[in-house]
Structures are given as structure tokens and as C-alpha cells.
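Numbering (the numbering used here), first residue to last: 1165 to 1508.
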């Protein structure tokens, strides 16, 4: 699946690209001197656009009703107990609604040989028609996988873009450099934002990676040992089933790994910089790493390219500094972020 996703990114580019829609929507909101609360705007705008882009369906975002905070705590920190209690991310009626919607879309495409070159198409292609019916992914299973990809970016992408636009608003020199970098890259491709032009925007890549370093969406990763493991140079053995808590935020803010960790510095990820393995892990690492890593990175770069070309961002007067983290969210995201947005 990981290899397939990497190969399909170029094919999926037009569907992944929600940047133009966001650009158009922001253009409609921009008024002279008006400030925009960028976090809520992204959270409200991106889910429906992503659903249409990734899955080819109209998911009415207001229908998404998640479990309460206590149940989410159990799911994140006591997954075994959550499974025993049959607690899932969404309420049963919500899961049923979305899975049926996506399953029906997948089955319709398969029967009518419809291609849209999106994420759902990629998953449909993984079904082997030569396998017995029992061995194939059912459309319900396929829908569950597709919705899993979609949900992984549902909160991650808006949070990542919010932090990034805030940092660029707070550092006009970096924002100007990023804008010029995008313009230079686009000049080589007749001004077109496409897979190849985005792939050459290495400075945007550095900016996104630094944002994920400073503000990892999931501050603590939870894993579980699958077999007994003796810690090297010790007599301690971790038994199979032991939960492992990986402090991503602490690793990313270790001054020995990242000098002046509170400084937003994209040069940490330039081609000249070197890092120790496993010191940048916003998506995890190894076989259990997030499958959607490249998808999220590409999505963020597309959106930033569109917005930087067309708008200038600065800290609004309504913005309360320093920013306060939203304690109600399990993704690391700030509370209100008011930015002044002006057309270039």
C-alpha cells in the first residue's frame, strides 16, 4: 500500500489539489483591512474539499459527530480497554452513514468502470479480480480504509497549515523568501501549479518539515511491543503487549538535537543539514509510520503555493500572543489565530 501510494501521487495530483478551491474561498473573504481567524476557516473549509478530492463524495462535514473527550482519551491511551468496550472514533450511526456513502461510490465506480484518479480509485485498484470473493477486500472494508486516510488528514492538515501560516506571518523575511521561491519554481513551468512544479519547491518542503518539527500534530506516539524484547546493555525485558510512549514533542524540542528549538528555522531541513535518524518523527517511523505522510506533505505544499502567490499574511491586531494551545483537541493545534490577509 505504501509503495502504491507513492507511485500514484502524480496521477492523483489534480484530485489532491484542494489548494485552488481554498485560494478561491479565501479570495471571497478578503476585504481591505479585515482580519480572518485562519484556524476556524481552515477547519471549516478543508474537510468537504478533501472529501471531494480524495474520495469523490460529498461528505457533509456538519454530520461528523465524534465521541466525547473521555472516550477519545480511552482510545488514545487505553486502546485495549477501548476495544473491549467497543468504543470507536465516531458514533455508530455516523460511521454507518459515511461507510455506506463511500462503499456505494466505490461499488458504482467498479461496476461502471469509472476512473477519477483519486485516493478511492487507488484503493479500488488494489482489489484483485482474480481472487475468490472471500479473499477480496469487500467494498465495506475498502470504504473503511478510504475513510481512514481521509480522517487522518481531517485535523492534521488544518493544524499544520494554521501553525505554518502563523509562523510565516510572524517572520516576514521568511514569507517573502518562500513567495519568491514559489514564483521562481512556477516560472519554469509556465506559471502552472502541477506535480512537477510543486516537487521542485524544496524551500516549501523545508518550511512544512520545520512546522511539523515545532508543532508535531500528535505530541506523543503510542506503540505496543509484539514480542518480548531485552533492552541492550541491561537486564530489563519488555514483555509482549507492553505499551510504549514516544515523546515526539520532547524529541523535537531537544536543544541537543535542534539548537534554539523554539526558533522557527526552515534551514534545519536544508540539503546541507544533517540529522540523526529518528529525531524527526511527526508521522512515526518504520512499518507503523503514517501511510499518508507523502499525501499530507504534498497537500500542504500545494495549499501554501496557492496562498503565498496570491496573498500576504501578517499577525492581526485581534491575535492574542503568545498563542494558546487548544486543550480540547487531541491534535496539537492553537486556539484562535487572527491574521491580516491582503492580496498581492
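Even glycine gets a Cβ: it sits at the ideal position worked out from N, Cα and C.
For residue 1337, the uninterrupted alpha helix (DSSP H) run begins and ends at 1336-1351, by DSSP. DSSP, reduced to helix, strand and coil, places residue 1402 within a strand of the structure shown. DSSP assignment within the segment 1434-1478 yields the following whole alpha helix (DSSP H) runs of 4 residues or more, N-terminal first: 1457-1474.
The continuous stretches of alpha helix (DSSP H) do not include residue 1386, which lies in the beta strand (DSSP E) extending over residues 1384-1388. When rounded, the separation of the alpha-carbon atoms in residue 1392 and residue 1408 is 13 Å. Following the DSSP letters along the chain, one finds residue 1200 inside the beta strand (DSSP E) bounded by residues 1199-1201.
If you ignore the 5 residues before and after residue 1183, its C-beta comes within less than 6 Å of the C-beta of 1466, 1467 and 1470, all in its own chain and listed in chain order.
Rounded to whole angstroms, the separation of the alpha carbons of residue 1285 and residue 1440 is 37 Å. In its chain, beyond the 5 residues on either side, 1349, 1350 and 1353 have a beta carbon closer than 6 Å to the beta carbon of residue 1361. Listed in chain order, the non-local C-beta contacts of residue 1283 below 7 Å within the same chain comprise 1176, 1218, 1219, 1310 and 1313, local neighbours out to five positions each way being set aside. By the CB criterion at 9 Å, residue 1378 and residue 1331 fall inside the cutoff. Residue 1367 sits in a helix when the DSSP states are folded into three classes. If you check the CB distance, residue 1203 and residue 1322 come in under 9 Å. Annotation for residue 1199: 1480, 1482, 1502 and 1504 place their beta carbon closer than 6 Å to its own, counting only its chain and skipping 5 residues before and after. Around the beta-carbon of residue 1367, 16 or more other beta-carbon atoms lie within 10 Å, marking it buried. Straight-line measurement puts the Cα of residue 1395 at about 6 Å from the Cα of residue 1401.
By the Cβ-count criterion, residue 1272 is exposed, with fewer than 16 other Cβ atoms from all chains shown falling within 10 Å of its own Cβ. The alpha-carbon separation between residue 1320 and residue 1329 amounts to approximately 14 Å.
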